[in-house]
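Peer 1:
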Amino acid sequence: MNGEADLTYVKDAGRNVASVLRSGDTVILESTVPPGTTTEVLAPILSREGLDVGDDVELGYTPETVMPGNTLSELRTNDRIVGGVDEASVRTIKALYESLTSGEIHVSADPTTAEFVKLAQNAKRNVSIAYANTLALLAENYGVDVRSAISLANNHPRVDILNPGPGVGGHCLPVDPHFLSDGTGATELLDVASQVNDRMPEHVVRMVEDAVGSLHGKTVAVLGITYKGNVSDTRNSPGLEVAKLLGDITTEARTAVDGGWGESSVTIHDPRATDSRLQLVSLETAVDGAHAVIFGASHDEFGDLDPEAIGSKMSGRTVIDPVDVIDAERWTDHGFDVRTI
2 MNGEADLTYV KDAGRNVASV LRSGDTVILE STVPPGTTTE VLAPILSREG LDVGDDVELG
62 YTPETVMPGN TLSELRTNDR IVGGVDEASV RTIKALYESL TSGEIHVSAD PTTAEFVKLA
122 QNAKRNVSIA YANTLALLAE NYGVDVRSAI SLANNHPRVD ILNPGPGVGG HCLPVDPHFL
182 SDGTGATELL DVASQVNDRM PEHVVRMVED AVGSLHGKTV AVLGITYKGN VSDTRNSPGL
242 EVAKLLGDIT TEARTAVDGG WGESSVTIHD PRATDSRLQL VSLETAVDGA HAVIFGASHD
302 EFGDLDPEAI GSKMSGRTVI DPVDVIDAER WTDHGFDVRT I
């Protein structure tokens, strides 16, 4: 990541729109982009067809804020931010979104401010996750249950710490903070936060090693490789990164790979993932003969699994649950060594 956003699709879309644009039309950009894109990149493209942005065409930026898995509901209820190139653009765009959502419409000073706000929101979340993950690593060294500690800390009225996990994924949080890079070094905090989160999959693999010893000749089942629970999207998934670190998952369901951590066989099961490039197997096949199971996504289905049925098929009883999807006490009662972040 070097902070350079690929705006090819935005430019192509702008050119397509410009080819049919007429005086009085309104153009709205919703994609997450670096600050200044609407006015410095899109506006000149729209003006090339003999129409002037502001005089002939209204233009603005309204960041998309929906959560995958709950898109339609949030489109109808979320607050929206509107940044227009002039007052006429703001009025038109504001009226449009008022007709679409019951949420409040917030007007920014200009499109660049609205673009900056969207990036600030996602960067803040990325930093908050990195803080929680840092606490998890520290707590592990002190022998402290980090989730219990965070729960206690959050009793303070001005403290709201997130729970840790195996990293961040999806098409937003791992990428968007880099769009704020301006070459001055002012993004040092954001860069360090991304580094912390990017290293968490390696920590998960080390947790497996600590539990079962050398991974050479071992089979590890990764259950859940979407970037978060209850979605089908695998983009930038921490769980998928864990699986890649453990072995080659693109050629066979079970493959031994030499070098690094790729000395283990890895099996992958995900009831929601739809990526046809991955060799996914059934739950029964995934855990059959496995020395350890890693939960990589907090799908509801995993919370209902029968630990005894899973354990009866495994070669060992080690469970790594960095996403906090199972009842650790229940699995421990069935003889499992359960380790969490």
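Converting from the sequence shown to our numbering requires adding 1 to each position, the first position being numbered 1. Where is the CB? At the ideal position from N, CA and C, for every residue including glycine.
From the DSSP output, which residues share a beta bridge with GLY61?
Peer 2: On the sequence shown, position 60 is the one that residue 61 refers to. ILE29 and GLY85, per the DSSP bridge assignment.
Peer 1: Counting along the chain, where does the alpha helix (DSSP H) carrying LEU190 start and finish?
Peer 2: The residue labelled residue 190 in the question sits at position 189 within the sequence shown. Where LEU190 is concerned, the enclosing alpha helix (DSSP H) stretches over 189–213.
Peer 1: Pick from SER90, ALA19, LYS229 and ALA291: whose alpha carbon is nearest that of PRO323?
Peer 2: Locating residue 323 in the sequence shown gives position 322, where the first residue counts as 1. Of the listed residues, the one whose Cα sits closest to PRO323 is LYS229.
Peer 1: Nearest-angstrom Cα distance between VAL11 and THR27?
Peer 2: Within the sequence shown, the letter at position 10 stands for residue 11. Within the sequence shown, the letter at position 26 stands for residue 27. About 16 Å.
Peer 1: Between the beta-carbon of PRO239 and the beta-carbon of GLY312, is there less than 7 Å?
Peer 2: Translated into positions along the sequence shown, residue 239 becomes position 238. Translated into positions along the sequence shown, residue 312 becomes position 311. No; because the gap between Cβ atoms is not below 7 Å, this pair is not in contact.
Peer 1: Return the bridge partner residues of HIS270 from the DSSP annotation.
Peer 2: For the purposes of this step, residue 270 is taken as residue 269 along the sequence shown, with counting starting at 1. DSSP output for HIS270 lists LEU224 as bridge partner(s).
Peer 1: What would DSSP say about ILE162, mapped onto helix, strand or coil?
Peer 2: Reading the sequence shown from its first residue, position 161 is the one you call residue 162. ILE162 falls in the coil class under three-state DSSP.
Peer 1: Taking only the alpha-carbon atoms, compute the straight-line gap between GLY214 and THR185 and give it to the nearest angstrom.
Peer 2: As a first step, residue 214 is located in the sequence shown; it is residue number 213 there, counting from the start. As a first step, residue 185 is located in the sequence shown; it is residue number 184 there, counting from the start. Cα to Cα, the separation comes out at about 44 Å.
Peer 1: If you check the beta carbons only, do LEU246 and VAL221 fall under 7 Å apart?
Peer 2: Along the sequence shown, read from residue 1 onward, the residue named residue 246 stands at position 245. Along the sequence shown, read from residue 1 onward, the residue named residue 221 stands at position 220. VAL221 is positioned such that its CB atom lies no closer than 7 Å to that of LEU246.
Peer 1: So, for ASP276: in the same chain, excluding its five sequence neighbours on each side, which residues have a beta-carbon less than 7 Å away from its beta-carbon?
Peer 2: If you number the sequence shown from 1, residue 276 lands on position 275. Taken in chain order, the residues that qualify are THR235.
Peer 1: Going by beta carbon distance, what residues of the same chain come within less than 8 Å of PHE337, once the five residues before and after it are set aside?
Peer 2: Counting from 1 along the sequence shown, the entry for residue 337 is found at position 336. Answer for PHE337: PRO308, GLY312, ARG318, THR319 and VAL320, listed in chain order.
Peer 1: Quick one: what's got a C-beta closer than 7 Å to GLY25's C-beta in the same chain, skipping five residues either side?
Peer 2: On the sequence shown, residue 25 is found 24 positions in, with the first residue counted as 1. Hits under 7 Å: none found.
Peer 1: Can you tell which of LEU52, GLY297 and ALA124 has its C-alpha closest to the C-alpha of SER166?
Peer 2: For this step, residue 166 is matched to residue 165 along the sequence shown. Checking the sequence, you will find Gly at residue 166 rather than Ser. Looking at the Cα atoms, GLY297 is the closest of the given residues.
Peer 1: Name the two residues that bound the continuous alpha helix (DSSP H) containing ARG126.
Peer 2: As a first step, residue 126 must be located in the sequence shown, where it is residue number 125. Segment 112–143, the alpha helix (DSSP H) holding ARG126.
Peer 1: Determine the burial state of THR33: buried for a count of at least 16 other Cβ atoms within 10 Å of its Cβ, exposed for fewer.
Peer 2: Taking the sequence shown and counting its residues from 1, the one referred to as residue 33 is at position 32. Its Cβ being crowded by 16 or more others within 10 Å, THR33 is buried.
Peer 1: Measure the Cβ-Cβ separation of THR93 and ARG81 and say whether it is below 7 Å.
Peer 2: Locating residue 93 in the sequence shown gives position 92, counting from the first residue. Locating residue 81 in the sequence shown gives position 80, counting from the first residue. Contact: no.
Peer 1: Does the count of Cβ pairs from the region 81–91 and the region 107–127 closer than 8 Å reach three?
Peer 2: yes
Peer 1: Please report the straight-line C-alpha distance between LEU30 and THR333, rounded to a whole angstrom.
Peer 2: On the sequence shown, residue 30 is found 29 positions in, with the first residue counted as 1. On the sequence shown, residue 333 is found 332 positions in, with the first residue counted as 1. Roughly 51 Å between the two C-alpha positions.
Peer 1: Of the choices ASP211, GLY304 and MET315, whose alpha-carbon is the least far from that of GLU330?
Peer 2: Here residue 330 refers to the residue found at position 329 of the sequence shown. Of the listed residues, the one whose Cα sits closest to GLU330 is GLY304.
Peer 1: Note down the Cα distance separating ILE106 from LYS95, rounded to an integer number of angstroms.
Peer 2: Locating residue 106 in the sequence shown gives position 105, where the first residue counts as 1. Locating residue 95 in the sequence shown gives position 94, where the first residue counts as 1. One C-alpha to the other measures close to 7 Å.
Peer 1: Nearest to SER316 by alpha carbon, out of ALA291, ALA6 and ALA310?
Peer 2: What you label residue 316 is simply residue 315 of the sequence shown in a count that begins at 1. It is ALA291.
Peer 1: Below 8 Å, can you find three or more Cβ-Cβ pairs linking the region 138–145 to the region 179–196?
Peer 2: no
Peer 1: Answer with buried or exposed for SER149, where buried requires no fewer than 16 other C-beta atoms within 10 angstroms of its C-beta.
Peer 2: Sequence index remark: in the sequence shown, residue 149 carries index 148 (1-based). That one is exposed.
Peer 1: Counting only runs of 4+ residues fully inside the region 271–310, write out the alpha helix (DSSP H) ranges in chain order.
Peer 2: 284–288 and 301–304
Peer 1: Pull up the distance between the alpha-carbon of VAL326 and that of VAL339, whole angstroms please.
Peer 2: Numbered from its first residue, the sequence shown carries residue 326 at position 325. Numbered from its first residue, the sequence shown carries residue 339 at position 338. Between VAL326 and VAL339, the C-alpha separation is close to 12 Å.
Peer 1: Any idea if PRO175 is buried or exposed, counting beta-carbon neighbours within 10 angstroms, 16 or more meaning buried?
Peer 2: Residue 175 sits at position 174 when you count from the first residue of the sequence shown. Burial call: buried.
Peer 1: ASP56 by DSSP, collapsed to three states: which one?
Peer 2: Residue 56 sits at position 55 when you count from the first residue of the sequence shown. ASP56: coil per DSSP, three-state reduction.
Peer 1: Taking 7 Å as the limit between beta carbons, can you name the residues of its chain near ALA187, skipping five residues before and five after?
Peer 2: For the purposes of this step, residue 187 is identified with residue 186 of the sequence shown, where counting begins at 1. Once the five neighbours on either side are set aside, ALA187 has no close Cβ partner at all.
Peer 1: Anyone know if the C-beta pair for ALA293 and VAL209 falls short of 7 Å?
Peer 2: Against the sequence shown, residue 293 aligns to sequence position 292. Against the sequence shown, residue 209 aligns to sequence position 208. Yes, these two residues count as a Cβ contact at 7 Å.
Peer 1: Taking 6 Å as the line, does the beta carbon of SER313 fall inside it for any heavy atom of the ligand GDP?
Peer 2: With respect to the ligand GDP, the structure shown offers nothing to examine, as it has no ligands at all.
Peer 1: In whole angstroms, what is the alpha-carbon distance linking ASP301 and GLU285?
Peer 2: If you number the sequence shown from 1, residue 301 lands on position 300. If you number the sequence shown from 1, residue 285 lands on position 284. Each residue's Cα considered, the two are about 17 Å apart.
Peer 1: Leaving aside the five residues before and after ALA274 along the sequence, list all residues of the same chain whose C-beta is less than 7 Å from its C-beta, in chain order.
Peer 2: As a working mapping, residue 274 is identified with position 273 in the sequence shown. Contacts found: ILE226, THR227, SER233, THR235 and LEU281.
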